[in-house]
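Single-structure report; data block below.
In the numbering used here, the protein residues as written are 34 to 331.
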């Protein structure tokens with residue numbers, strides 16, 4: 034079996050320069066997973082955001098080996114679990130220990146894929162960590178740093194999953210049979226949010242065909258129909274998923290950038306499950322909720 038050398042993502046950090054202001058480690062991190070079928074624009078959006086200050090981009094395709102690519106990027110169940118675990122581990126390492134928000138291109142076509150992300154981030158957030166300063170004021174998300182290594186993050190003390198089956202609570206939805214090797218507990222809370230790039234099967238086939246002719250990309254149009262067979266669009270209870278309708282390339286990147294900047298501005302706008310629960314408990318509506326309902330209905 035041939036293996037492609039995997040790209041190593043250096044933990045994002047400020048360049049040490051005396052003529053630049055030094056920025057302390059933010060109190061929390063946003064983790065945006067750009068999802069959707071081939072041709073939707075995941076990599077394009079990810080590269081665009083990754084080039085912006087304060088973001089680092091992780092390309093899911095970098096975790097494929099030569100055999101995976103030779104097979105159109107189509108993975109069997111066992112290999113799918115391995116690749117997804119590797120992507121998630123790297124994303125959590127970057128989000129929990131770096132100084133930038135993280136953007137990941139990852140298809141995450143099924144509910145189980147997205148639940149695997151949720152479970153992994155919840156695990157990283159709920160682990161106690163060594164004290165790193167005395168932070169007593171919550172950040173924009175309402176997170177606190179612990180005073181000592183016995184106190185977990187405020188996020189870690191909250192169960193992100195509903196405890197009943199009412200309203201399709203996703204605690205009981207299936208997750209992949211996956212064992213994640215979290216390298217270390219997150220040094221700051223991670224706020225996980227998904228951006229689902231909607232695209233029709235016809236448009237995806239045309240885009241993938243054109244891309245392969247233009248760039249020699251490993252995914253061909255023949256792989257697209259199978260993706261739409263297993264695709265599960267975000268369900269009503271997946272409050273952490275934002276649906277972005279298909280747009281021209283230049284318009285798509287700008288639209289997603291506008292969204293991530295808005296939802297990353299604080300807990301009133303954040304779409305992660307934990308901030309959603311906090312607003313529910315306080316009886317506070319989500320900023321932009323009516324627009325999201327319109328987008329979901331589209």
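Idealized CB from N, CA, C, for every residue including glycine.
Per DSSP, the bridge partner or partners of residue i
| i | result |
| --- | --- |
| residue 67 | 138, 228 |
| residue 90 | 136 |
| residue 223 | 62 |
Residue i in three-state terms, based on DSSP
| i | result |
| --- | --- |
| residue 115 | helix |
| residue 308 | helix |
| residue 332 | Within the shown structure, residues of the chain are numbered from 34 to 331, placing residue 332 beyond reach of any answer. |
| residue 317 | coil |
| residue 159 | helix |
| residue 129 | helix |
| residue 101 | helix |
| residue 234 | helix |
| residue 108 | coil |
| residue 151 | helix |
| residue 298 | coil |
| residue 75 | helix |
| residue 145 | helix |
| residue 84 | coil |
Per-residue burial, residue i [other beta carbons within 10 Å of its own, 16 or more giving buried]
| i | result |
| --- | --- |
| residue 142 | buried |
| residue 111 | exposed |
| residue 282 | exposed |
| residue 99 | exposed |
| residue 71 | buried |
| residue 317 | exposed |
| residue 311 | buried |
| residue 284 | exposed |
| residue 75 | buried |
| residue 73 | buried |
| residue 222 | buried |
| residue 62 | buried |
| residue 134 | buried |
#### Entry: Touch test, the stretch 263-277 against the stretch 114-123, Cβ-Cβ under 8 Å, three pairs minimum
no
### Query
Do three or more CB pairs link the stretch 82-100 to the stretch 150-157 at distances below 8 Å?
no
### Message
Quick check on the DSSP output: what are the complete beta strand (DSSP E) runs of length 3 or more inside the stretch 243-290, in order along the chain?
### Response
274-277
### Query
Does the stretch 118-125 come within contact of the stretch 99-109, defined as at least 3 CB pairs closer than 8 Å?
no
### Query
Would you call the stretch 130-141 and the stretch 249-256 touching, i.e. three or more CB-CB distances under 8 Å?
no
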